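For reference, the structure discussed in these notes is given below.
Number of protein chains: 4
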Amino acid sequence: MVTVSIIGGSGYGGGELIRLLLGHPNVEIKQVTSRSRVGEYVYQTHPNLRKRTQLKFSDPSQLESVDVLFLAQPHGQAQKNIEAYAKLGAKIIDLSADFRLRDENFYEQWYGEKHAAPEWLNKFVYGLPELHRAEMANASYVSGVGCNATASNLALLPLIKADLLDLSSPIFIEIKVGSSEGGAEGNSGSLHAERANVIRTFSAFGHRHTAEVIQEMGVDASRISLTMTAVDLVRGVLATAHAKVKAGTATKDLWKAYRAAANENPFIRVVKEQRGIYRVPEPKILAGSNYADLGFELDESNGHIVAMCAIDNLMKGASGSAVQCMNLMMGWDESLGLEFMGLHPI
Amino acid sequence: MVTVSIIGGSGYGGGELIRLLLGHPNVEIKQVTSRSRVGEYVYQTHPNLRKRTQLKFSDPSQLESVDVLFLAQPHGQAQKNIEAYAKLGAKIIDLSADFRLRDENFYEQWYGEKHAAPEWLNKFVYGLPELHRAEMANASYVSGVGCNATASNLALLPLIKADLLDLSSPIFIEIKVGSSEGGAEGNSGSLHAERANVIRTFSAFGHRHTAEVIQEMGVDASRISLTMTAVDLVRGVLATAHAKVKAGTATKDLWKAYRAAANENPFIRVVKEQRGIYRVPEPKILAGSNYADLGFELDESNGHIVAMCAIDNLMKGASGSAVQCMNLMMGWDESLGLEFMGLHPI
Amino acid sequence: MVTVSIIGGSGYGGGELIRLLLGHPNVEIKQVTSRSRVGEYVYQTHPNLRKRTQLKFSDPSQLESVDVLFLAQPHGQAQKNIEAYAKLGAKIIDLSADFRLRDENFYEQWYGEKHAAPEWLNKFVYGLPELHRAEMANASYVSGVGCNATASNLALLPLIKADLLDLSSPIFIEIKVGSSEGGAEGNSGSLHAERANVIRTFSAFGHRHTAEVIQEMGVDASRISLTMTAVDLVRGVLATAHAKVKAGTATKDLWKAYRAAANENPFIRVVKEQRGIYRVPEPKILAGSNYADLGFELDESNGHIVAMCAIDNLMKGASGSAVQCMNLMMGWDESLGLEFMGLHPI
Amino acid sequence: MVTVSIIGGSGYGGGELIRLLLGHPNVEIKQVTSRSRVGEYVYQTHPNLRKRTQLKFSDPSQLESVDVLFLAQPHGQAQKNIEAYAKLGAKIIDLSADFRLRDENFYEQWYGEKHAAPEWLNKFVYGLPELHRAEMANASYVSGVGCNATASNLALLPLIKADLLDLSSPIFIEIKVGSSEGGAEGNSGSLHAERANVIRTFSAFGHRHTAEVIQEMGVDASRISLTMTAVDLVRGVLATAHAKVKAGTATKDLWKAYRAAANENPFIRVVKEQRGIYRVPEPKILAGSNYADLGFELDESNGHIVAMCAIDNLMKGASGSAVQCMNLMMGWDESLGLEFMGLHPI
């Protein structure tokens, strides 16, 4: 068995990682840390794990060496401690935003501060298997992904790969998100009485995840925007990208591009039905699953495309992708431990 | 007291009309019809009206003359019966889609069928007071408004009036809607177990309300699209318009345009705060109120504007606007009977 | 115009009071205090009030004299400052729990601490008009009511008044509540991601509101229990009381008792329909209204009665009752300013 | 591989069965029937199964023989066709209510009609493994369980087994349920706009599932009642039983009884924490899992016990228990295919 530990296990991403790793046939969890809950059972924080593990939260200063170290801490911690962490784990998967961007100036531009370990930026592979599968086979260090960036990148992926997008036109990505994105700490607006029933556009421009789309999709920063709207749901993201396809692109060309994406990637599905209730990608049925459901609609009269991607922000948008990365780094089947199908109804 | 009757009172729009008219100081409801519920108490269908009215649903074939007749029927009924209705009410306000468009060809293009009473199209004023206040003073016939069209029209209104929009660029309007838009009949996808927790883009293009935006805002049909996404909420619409402002437009120009709109219209408010939980327009706090809350965010680096409008689809998007029209047609204060402030929290 | 001020206006009960008093024809709000928001517009905290008032929060140390002073502070403040408050307002309505119980020992038993102003306990009338209407006409000081106590008291009221309850049998009251009960501060369990979708029995026994039921209904403390379960709703309480009726009591006797309660009290309605969607009391349609909807079902084979009461916890369970008390204290129509009917659908 | 077929696969219980059986290591699904969807892909109805199966719905008249036949039809179908079904499958697990009761008169009393195949009633074992594990090893026919009955039976199980309940006192079971209980067909009250935000007591007495509690727990019919309240949730049931323990019973006796139940049953857990958010059983974290979480609170002053059981109505309350039964009937590990832990947050 491969040993793994998780630094920062009391948050939502950390809890999801523990769940996935407990169910993974090839790994054994050695330690899970939480500064504020040392000695408490993990299941007291993540009640779904009751009767499944007797693990207790460890003190982060008492970490032992493992084969794979997962970092699931708030922004800024990983970059400060990366040297120390590298001595504890031969392979590191960092779910935070610290090592997602390759360029330190670009990092500073989007995060408003200098990076604490810029020399490490190029040692990390961006943690989306659908974009960097090959590199992961030999990678020691893999970053996490922003959930909104992932929904956006996967919505655009088939179009970029097939070179169907008119990159001189603007790309507006409207993203609707559930409350688990806000994390286990939350803020005054996260209180149920304020957050229930919302349609709240909390960021019209400039969300930090935009940087990951610019970097990974290679689109011009001035032509792309992500708009974030909170809706009443706990888990789930839907990214709807409005863009223009190249002249002459027809619906059948899009079908070809999307089918190729689904064939090449075990967790990509195309949802575009003519009948029934579920005709388009919907995040609710993805809760707990690692799928990214893609859909599209083309207005052939003017080339306007609406490209959609639905994911579970805690799975494909965070911990699910991280486990998928581990599988690829270890040379295992990409889907190992990620078999849950999601629920209907829910 | 002015007498009013409502044809089609068992639906959600009809119920909301009854509530507003019961609370209106200048009117008396004479009849409310429902083909399928003749003889039942209105409060058995609309339980909020219990102890407030002993009205029973009437047979639509037993209608008596009134001063103002409200039509709240499904699409297609009003145009078939308009001659008969005109004999019953000197003034008619039709909440359906039948008389919203002025051009019969345009109607046919969007509704896929010939209009049954094209000679009546020009007798109706489009029922949004913010656009046609002056004409309403002398109007006998006023149409309803599409709720999604209203959110879109009001989101764009300050920009169009102040001539700040670059009309050669595309306008993408992303609309998120609650379940009451689906009506009291619903469909298989309206079942709670399927409709709860959704982020469901049920119409990427071509929603019929688009026609009202083209007509009323005067934008080019090929440059505008409405995308409809259902979210988990009962009442409420948020329209988020992505567009480009004319070169040189600054945030202060937008403030001026929005403040003017709020000053000229009692039910328009501008919401753009730097702190607190409610910084942007949000439909949830508008349930039951007739306000349209507008907001905007401008990216001065590239002229991209995100213009927002939140309304209660059953109020400003339907019955509230209809009562506001009646007030203007009768020469009364525009806000009469529409004083409810909305709730917080909710 | 009668002048009123509100001490503690940033919470949910305070916000609801402001809304009601702004819409009340006979009063003028002079000041609203909030220690932490001095100088901020009230509408920045309660966004439904935008364009309806330009009031700003005052410093509680700068209070001026008024005709009626409303106290809407956290538990414990009113009893510490009651002498000072009595100099500011000839009439005081305290929404907190400080003056609800008449006996200082009983207070200490349920609140676990000595009362700070026991000599004031008997100067207050318990603030439920349905129980103390007559006394209110001459009262200077009226307490608030616990929302769960109110739902329980009103569920039992017709049975107690008509002497139909077997008081030697236990009374189990199961109460389901929305999240606004938790207040604007909340706790870790109030975060949307944790609080959404819950059915969480947070108190099986011993909730403090039980004391108000014991005092007001005169039931034996050992025979009554309140069990509190949080469900996914913002506003609303449903109390379901399981009890036994006296031998020989038939459904028709209950009808008589319930109808009498509805006739004697403008805000009590009986909901017991054989068809339609809304056959029983439901809190959702009461949001913003002051009604208490009562229902019952009797198993004549064994005398088991299920007695229900639905209210909006912020209205009939707090601020609505407080305004109703003010109306009675001032000799006005009991319903003044409380006319909102509630919404359907919602 | 053992072959299985499912008759009636388009409903919620049927869909959940398909999901579980697709993930079960020892079985292969041969056919899934749906009268109205013959030839359609199963994933068009149950969208979570996309990319996991290419099964299409079969015509129920075209059934082939299998090792285990699951019946997931509406009430009344199984009893009419049981002879025919018995020729198709050596082992039958019927999820409907048709074979849950052992006595034909008791059936008639609760279902209001004569049973169509009374001679089969005693061939079936009641399908709750926690009550009939031993019998299942040799059973050919196993019934389903009512979801509300299951939550009630498991709430009482430790108390009955340890003989701690005062059976001369009444037992009031208050059950709160999600909307998936209403089935994929629903009714007018199931529409999202009507069903969202509800606390709706749709059955005060006499719910049919009561019969299963009387039969399985052996309690006196006149002393037990189930009260059903719909709340805003899709999956989940919480049963809260109010009862009296025998004189002298202390909290430690209850701990012993509950721990024994958890030790003897892999899917029973005891939830009774002093701190954290999840101190009591909550259905939301059980979505998709087969656990039954039990909790209790005893008022030692008067012997009043509040005993709670939370389950996912489609899992432990229907399809999960059915798969658990199959495992026992086949001599496999009881937990096979039922390993999903549930999600947090959700």
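Chains as they are written, first to last, in this note's numbering: chain H, 1 to 346; chain C, 347 to 692; chain V, 693 to 1038; chain A, 1039 to 1384. A virtual CB, placed ideally from N, CA and C, is assigned to each residue, including glycine. Since the model is a prediction, treat every value here as computed from it, not as a measurement.
VAL730(V) has a beta carbon lying at 8 Å or more from every beta carbon in chain H. Three or more Cβ pairs closer than 8 Å define a contact, and the region 1321-1336 of chain A falls short of that threshold against the region 1234-1247 of chain A.
Taking a cut-off of 8 Å for Cβ pairs, the region 450-462 of chain C and the region 373-392 of chain C do not touch, as fewer than three such pairs fall below it.
VAL869(V) has ALA922(V), VAL929(V) as its beta-bridge partners, per DSSP. Closer than 8 Å to the CB of SER1218(A) there is at least one CB belonging to chain C. Nearest to ALA638(C) by C-alpha distance, out of GLU646(C), GLY622(C), VAL652(C), GLY666(C), is GLY666(C).
In terms of beta-carbon proximity, LEU191(H) lines the interface with chain V, with at least one pair separated by less than 8 Å.
Contacts between ILE969(V) and chain A, judged by CB atoms closer than 7 Å, involve SER1226, GLY1227, GLU1232 in chain order. Counting C-beta atoms within 10 angstroms of its own C-beta, GLN1016(V) has 16 or more neighbours from the protein chains shown and is therefore classed as buried. For VAL696(V), the pairing in a beta bridge is given by DSSP as ILE721(V), VAL760(V).
For secondary structure counted as the alpha helix (DSSP H) over 4 or more consecutive residues, the region 387-461 of chain C holds these complete runs in sequence order: 388-391, 423-434, 450-457. VAL1251(A) places its beta carbon less than 8 Å from that of SER1190(A).
Chain V has a Cβ within less than 8 Å of the Cβ of THR391(C). Closest by C-alpha distance to ASP679(C), out of ASP509(C), PRO475(C), ASP599(C), HIS650(C), is PRO475(C).
Linking PRO612(C) to LEU572(C) through their CA atoms gives a straight-line distance of about 27 Å. Interface flag for ASN740(V) against chain C is set, since a Cβ pair is found closer than 8 Å. Between LEU600(C) and LEU644(C), the C-beta gap is smaller than 8 Å, which places the two residues in contact. At least 8 Å separates the beta-carbon of ARG581(C) from that of MET1033(V). When C-beta distances to chain A are compared with 7 Å, every residue of the region 488-501 of chain C stays at or above that value.
Judged by their CB atoms, GLN1117(A) and ALA1155(A) are nearer to each other than the 8 Å cut-off. Shown here for ALA764(V): same chain residues with a beta carbon closer than 7 Å to its own, the five before and five after excluded, namely ILE698, ILE699, GLY700, GLY701, GLY703, GLY705, GLY706, LEU709, LEU787 in chain order. For the set PRO975(V), MET920(V), LEU883(V), the Cα lying nearest the Cα of ILE1038(V) is the one of PRO975(V). With respect to the 8 Å criterion, ALA603(C) and PRO504(C) are classified as neighbours on the basis of their beta carbons.
Contact between the region 25-35 of chain H and the region 62-69 of chain H is present: three or more C-beta pairs spanning the two stretches fall below 8 Å. For VAL271(H), the neighbours in chain A by C-beta distance under 8 Å run, in chain order, PRO1085, ARG1088. The beta carbon of GLY641(C) is closer than 6 Å to those of VAL617, LYS618, VAL626, PRO627, MET654 in its chain, skipping five residues each way along the sequence. Annotation for LEU883(V): no alpha helix (DSSP H) segment contains it, and DSSP assigns it neither H nor E.
Closest in C-alpha terms to ARG621(C), from the list ALA241(H), ASN313(H), SER188(H), ILE199(H), comes SER188(H). For the region 911-926 of chain V, residues whose beta-carbon sits nearer than 7 Å to a beta-carbon of chain H comprise VAL926. Annotated three-state conformation of MET1255(A) is helix, per DSSP. One finds ALA979, GLY980, LEU1035, ILE1038 in chain V with Cβ atoms closer than 9 Å to the Cβ of ALA633(C), taken in chain order. At a cut-off of 8 Å, the C-beta of GLY13(H) has no neighbouring C-beta in chain A.
According to the DSSP assignment, ASP599(C) belongs to the alpha helix (DSSP H) that extends over 597-610. Here the alpha carbons of ASN48(H) and PHE470(C) stand approximately 60 Å from one another. Taking the C-beta atoms as reference points, ILE1343(A) is found no nearer than 8 Å to THR1188(A). The continuous alpha helix (DSSP H) containing GLY666(C) extends over residues 666-675.
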